[in-house]
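Only one structure is covered here, and it is reproduced in the block below.
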Ligand SMILES: [Zn+2]
């Protein structure tokens, strides 16, 4: 089993490899500015750059368990779209999500987690209610929550809303298959240009 010392040793060893002072090779690995911001669930095993086939550092990751929105998330995404002029936010859930499993237990068995994790379940349950989802499967809950998370970013952040209204930013609500890593789009907001596979388009 991993412990704090072994975990840090692993990271430090990896960083020593990264820190080789070869500027030319490093510039091939990282990007100067993010292509998009990915607001993702923290417990997925796939890095965003892996999922979307991008260079390391080309995506700004903002992750919370169950992609729950709080002030820190909004502030980070507003920085991304306003200051870095990132033109796209992807709300990225994933199938096999432990947060959605916890939500399903709370919904059907009234089993709420302790501590701050409770806020995640409450937000996901609110997504089910707003979406009018049947909540009879993890897939249904995942779909409801990624779509409502995208809509909530618009609702709770005037800055993001202004960028979307001006067609300077779009939002894609999607989830990855836990085995294949393929992305399915459930909704798009703004001038994203996605048509195939989107179940809902809010422009
Ligand atoms: Zn998850």
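Numbering (the working numbering), first residue to last: 21 to 223. Heads up, the beta-carbon is just placed ideally off N, CA and C, and yes, glycines get one too.
Inter-residue spacing [alpha-carbon to alpha-carbon] between residue i and residue j
i           : j           : result
residue 107 : residue 184 : 9 Å
residue 69  : residue 154 : 33 Å
residue 165 : residue 129 : 19 Å
residue 116 : residue 27  : 25 Å
residue 105 : residue 91  : 20 Å
residue 223 : residue 150 : Residue confidence for residue 223 is low, a pLDDT of 39 falling below 50, so the modelled location carries little weight and cannot support an answer.
residue 179 : residue 172 : 13 Å
residue 213 : residue 205 : 12 Å
residue 93  : residue 148 : 21 Å
residue 36  : residue 73  : 25 Å
residue 163 : residue 207 : 9 Å
residue 177 : residue 75  : 29 Å
residue 217 : residue 38  : The pLDDT assigned to residue 217 is 46, lower than 50, so where the model puts this residue is not dependable; a value taken from the coordinates is nonetheless given after this. The straight-line gap from Cα to Cα measures roughly 39 Å.
residue 219 : residue 152 : Low per-residue confidence applies at residue 219: pLDDT is 44, beneath 50, and the placement is therefore not dependable, though the value from the model is reported in the following sentence. Near 15 Å, if we compare the C-alpha coordinates of residue 152 and residue 219.
residue 146 : residue 67  : 27 Å
residue 23  : residue 209 : 42 Å
Proximity winner among the options, relative to residue i (alpha-carbon distances)
i           : options               : result
residue 160 : 120, 178, 174 and 125 : 120
residue 109 : 162, 59, 74 and 178   : 59
residue 170 : 154, 186 and 195      : 195
residue 89  : 27, 162 and 168       : 168
residue 101 : 152, 38, 21 and 187   : 187
residue 71  : 84, 38, 113 and 37    : 113
residue 197 : 24, 22 and 65         : 65
Cβ-Cβ distance between residue i and residue j below 7 Å
i           : j           : result
residue 190 : residue 211 : yes
residue 123 : residue 63  : no
residue 126 : residue 86  : no
residue 193 : residue 111 : yes
Interface flag, residue i vs chain B, CB-CB below 7 Å
i           : result
residue 104 : Absent here is chain B; the protein component of the structure consists of one chain.
Evaluate contact between the region 132-139 and the region 74-82, counting only Cβ atoms and requiring at least three cross-stretch pairs below 8 Å.
no
Is the region 50-60 touching the region 24-39 in the sense that three or more CB pairs, one from each, lie closer than 8 Å?
no
Does the region 93-104 come close enough to the region 140-159 that 3 or more CB-CB pairs lie under 8 Å?
no
Is the region 140-152 close to the region 198-212, with three or more CB pairs under 8 Å?
no
Quick check for students: name the residue ranges of the beta strand (DSSP E) that lie wholly in the region 132-210, counting only runs of 3 or more.
190-196 and 203-209
Fully enclosed by the region 52-91, which alpha helix (DSSP H) runs are 4 residues long or longer?
68-72
My parser needs the beta strand (DSSP E) runs of 3 or more residues fully inside the region 85-126; what are they?
108-114
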